[in-house]
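*Asks:*
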Amino acid sequence: MIVRHLKDAENSDRMVKTDTWTSARLSLADDGMGFSFHVTTIFAGTETPIHYKNHLETVFCMEGDGEIETLADGKVYKIEPGVVYILDKHDKHLLRGGSKDMKLACVFNPPLNGREVHDKDGAYALDEAPLEAS
Ligand code: 9YT
């Protein structure tokens, strides 16, 4: 069995930071689970364009508020604690932080390898190197 603590992940190279979000990568491909599991913070008042062309993602909101706009149809969905959204169609979207930072639990299939950040299209590459020590 593998046991980790969020606080330890936040103080290691499992913690990935950008201008609009942070992601504590609690479980990655090298755990052999077939998915990766992250705790993400979306900063209040930000907008992030995302298009996971290579991955499926499920996202559960634990704290804070925000919204997601799916670009194919212009629909806007409110995100608040208890909401789950499931990007089953590699949906291109805008993710917006609301009045407070949003804490999200995120699962990726296939699993992320390490320190992926969005490319110019809002996607993650499939060939990122694994972390050196995990
Ligand atoms: C919800 C979302 O996709 N936010 C961007 C970060 C991502 N969840 C990650 O890498 O953990």
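When the letters of the sequence shown are read in order and numbered with our numbering, they come out as residues 171 to 304.
The C-beta atom is built at its ideal place from N, Cα and C for all residues, glycine as well.
#1: Could you check where the beta strand (DSSP E) with Ala214 kicks off and where it finishes?
#2: For Leu241 and His263, what's the separation of their Cα atoms in angstroms?
#3: Considering only residues of the same chain and omitting the five flanking positions on each side of Leu274, which have a CB-CB separation below 6 Å?
#4: Leaving out five residues on either side along the sequence, give the residues of the same chain with a beta carbon under 8 Å from the beta carbon of Tyr255.
#5: Confirm, please, whether the CB-CB distance from Asn279 to His208 is below 8 Å.
*Replies:* If we stick to the structure as given:
#1: According to the DSSP assignment, Ala214 belongs to no beta strand (DSSP E), since it is labelled neither H nor E.
#2: Going by the C-alpha atoms only, they are around 5 Å apart.
#3: Closer than 6 Å at the Cβ level, and outside the excluded window around Leu274, lie Thr210, Val229, Cys231.
#4: Closer than 8 Å at the Cβ level, and outside the excluded window around Tyr255, lie Thr228, Val229, Ile238, Tyr247, Ile249.
#5: Cβ atoms of His208 and Asn279: not closer than 8 Å.
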